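What follows is a short report on a single structure.
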Amino acid sequence: MVSILERRGLKDFDWIIATLAIVIVLFGSWQISLARPEETLWQKQLFGLAIAFVVFVIVSFTDYRRLLEAAPIFYGIGIFLLLLVLVPGLGVTVNGQTAWLRLPVIGQFQPSEFAKVPVVLMLARYFGTRKSGTLKFKEFLVGLAILAGPVLLILLEPDAGQAITYFPLLGVVLFLSGLKLRYLVSGIILTLVLTPVAYWVGVETGKIKGYQQERINVILDPESADPRGFGYHTVQSMITVGKGGVLGTAGATDTSQAKLKFLPEPQTDFIFAVTAESTGFIGAISLLFAYALLFSRLIMGAQSTSDRSGMLVIMAVTGGMAFQIFMNVGMVLGFLPVIGVPLPLMSAGLSSVLATFVAIGFATSVKMRRFVN
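Here the sequence shown stands for residues 149 to 521, where the numbers follow the working numbering.
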């Protein structure tokens, strides 16, 4: 690792990106403490932040081009870890999903979070070296093959929510690599047409479970949803958000939905609902504004770099995070089904925080070398 580290001045380091990421995690730790005041999850989150920041700095000061050369190795490691999860006796099962490994000191570790980084590197490595022009069908198939390995393994856990977050990585890279507009429009139309068909086939074959059907039906017909049954998550989340009003409850945990155990998984899937309750509309909008600032800094780095692979790394990371935020907030506000997508840098979980900081670290590494040929 030392051999690939470069001597870069601190003036090249993007302190705004680092500060924004740290502030969001600190804010999230506060919300986790409100969601689970009787537990030490917020302390573990701060411990994760300390580790993540060290790794972030190391990755930032490492030449991303040398790491891109090693992308196949990282990709292989990611696939290997995802396979380990599926080995009986090694994978840890939580809420019906075998998606974790148990490691000394760190505790539970989720490989599906980290596998996103090698996927981004592999996509950027392949599509970054192609010549200009429209994307060929063969190149599209290669990108799909890169994505297929980890996604299929994650679906076997089964974790559909995590698997979905991989597709924007490929989508962003394909779009920026010259995907013809008519193919993009055709793909969107085909998706809209085939989604109901796939849903019907899934129901008929039993691949889509009863509880998954009910969660979708809650979105399609919320008025008829059982507020004590499968509609419980969505109903309680919307109640929690509405309770915050404009200014929030000022952290009054004694009467909060999370403290009273009405809101399920408040420290992970529904951390945005906790934020809306405790800090109100102002706090929720401020959080989204902080994300927007973070993305703007990342996109500025992508615009200023002359290296195509580096640009694809930054944009894939940005697109992936933005998609997760959209899915999580949509789930909390009740216009998307509950599928268990964490809110980046906010949801409790060392794996998520560390993986996000590693991804941002790669983007920062590209930004620091934007004037280097």
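From the three backbone atoms N, C-alpha and C, an ideal C-beta is built for every residue, glycine too.
All values reported here derive from a predicted model rather than from experimental measurement.
1) Run through DSSP, which three-state label would Thr167 get?
2) Based on the DSSP secondary-structure assignment, which residues constitute the bridge partners of Gln245?
3) Check the DSSP bridge columns for Gly255 and list the partner residues they point to.
4) Taking the C-alpha atoms as reference points, what is the distance between Gly428 and Gly478?
5) Just confirm the distance between the C-beta atoms of Asp307 and Gln245, as a whole number of angstroms; I'd bet it's less than 8 Å.
6) Thinking just about the alpha-carbon of each residue, which of Leu189, Pro412, Leu329 is nearest to the one in Gln256?
7) For the region 415-426 and the region 179-188, state whether three or more C-beta atom pairs, one from each stretch, are separated by less than 8 Å.
8) What residue range is occupied by the uninterrupted alpha helix (DSSP H) comprising Ala263?
9) Closest to Met516 by CA distance: which of Val461, Thr453, Leu295 is it?
10) Got a sec? Which residues, its chain only, sit under 6 Å from Arg445 by beta carbon, not counting five neighbours each side?
11) Under 6 Å Cβ to Cβ from Pro492, same chain only, skipping five residues before and after it: list those, please.
12) Assuming contact is defined by CB atoms lying nearer than 8 Å, are Leu168 and Leu442 in contact in what I supplied?
13) How should Lys264 be labelled, buried or exposed, when 16 other C-beta atoms within 10 angstroms of its C-beta is the threshold for buried?
14) Which ranges does the alpha helix (DSSP H) cover as unbroken runs of at least 4 residues, wholly within the region 376-450, from first to last along the chain?
15) Considering only their Cβ atoms, is the gap separating Leu269 from Leu229 smaller than 8 Å?
16) Just checking my contact of Val480 with Val203 at CB under 8 Å: how many whole Å lie between their CB atoms?
17) Taking the alpha helix (DSSP H) that Ser208 belongs to, which residues open and close that run?
18) If you draw a straight line from the C-alpha of Trp248 to the C-alpha of Gly350, how long is it?
19) What does a CB cutoff of less than 6 Å around Gly239 pick up in its chain, not counting 5 residues either side in sequence?
20) Nearest CA to the CA of Pro220: which residue from Gly297, Leu194, Ala198?
Judging by the given coordinates:
1) Within the sequence shown, residue 167 is the residue found at index 19, counting from 1. Thr167: helix per DSSP, three-state reduction.
2) In the sequence shown, residue 245 corresponds to position 97, counting from 1. The partner list for Gln245 (beta bridge, DSSP) reads Val242.
3) Locating residue 255 in the sequence shown gives position 107, counting from the first residue. Paired residue(s): Leu251.
4) Taking the sequence shown and counting its residues from 1, the one referred to as residue 428 is at position 280. Taking the sequence shown and counting its residues from 1, the one referred to as residue 478 is at position 330. Approximately 17 Å between the Cα atoms of the pair.
5) Within the sequence shown, the letter at position 159 stands for residue 307. Within the sequence shown, the letter at position 97 stands for residue 245. Sure, about 5 Å apart at Cβ, within 8 Å.
6) The count along the sequence shown starts at 1 and reaches residue 256 at position 108. The residue with the shortest Cα to Cα distance from Gln256 is Leu189.
7) Touching, yes.
8) Numbered from 1 along the sequence shown, position 115 holds the residue referred to as residue 263. Counting along the chain, Ala263 falls outside any alpha helix (DSSP H), and DSSP gives it neither H nor E.
9) One-based indexing of the sequence shown puts residue 516 at position 368. Answer by Cα proximity: Thr453.
10) To locate residue 445, count along the sequence shown from 1; it is residue 297. Its chain contains Ile164, Ile165 as the residues whose beta carbon lies nearer than 6 Å to that of Arg445, once the 5 sequence neighbours on both sides are disregarded; these appear in chain order.
11) Residue mapping note: residue 492 aligns to position 344 of the sequence shown, counting from 1. So the list reads Met469, Gln472, Thr504, once near-sequence residues are dropped.
12) Within the sequence shown, residue 168 is the residue found at index 20, counting from 1. Within the sequence shown, residue 442 is the residue found at index 294, counting from 1. Yes, the Cβ-Cβ distance between Leu168 and Leu442 is below 8 Å.
13) On the sequence shown, residue 264 is found 116 positions in, with the first residue counted as 1. Label assigned to Lys264: buried.
14) 380-392
15) Locating residue 229 in the sequence shown gives position 81, where the first residue counts as 1. Locating residue 269 in the sequence shown gives position 121, where the first residue counts as 1. No, they are not a contact pair.
16) Position 332 of the sequence shown, counted from the first residue, corresponds to residue 480. Position 55 of the sequence shown, counted from the first residue, corresponds to residue 203. Going by Cβ atoms, the distance from Val480 to Val203 rounds to 29 Å, so no, they are not a contact pair.
17) Numbered from its first residue, the sequence shown carries residue 208 at position 60. Taken as a continuous stretch (DSSP letters only), the alpha helix (DSSP H) holding Ser208 covers 189-208.
18) Within the sequence shown, numbered from 1, the residue matching residue 248 stands at position 100. Within the sequence shown, numbered from 1, the residue matching residue 350 stands at position 202. Between the alpha carbons of Trp248 and Gly350 lies a gap of roughly 26 Å.
19) The count along the sequence shown starts at 1 and reaches residue 239 at position 91. Correct list, in chain order: Val233, Thr246.
20) Stepping through the sequence shown from its first residue, residue 220 is reached at position 72. It is Gly297.
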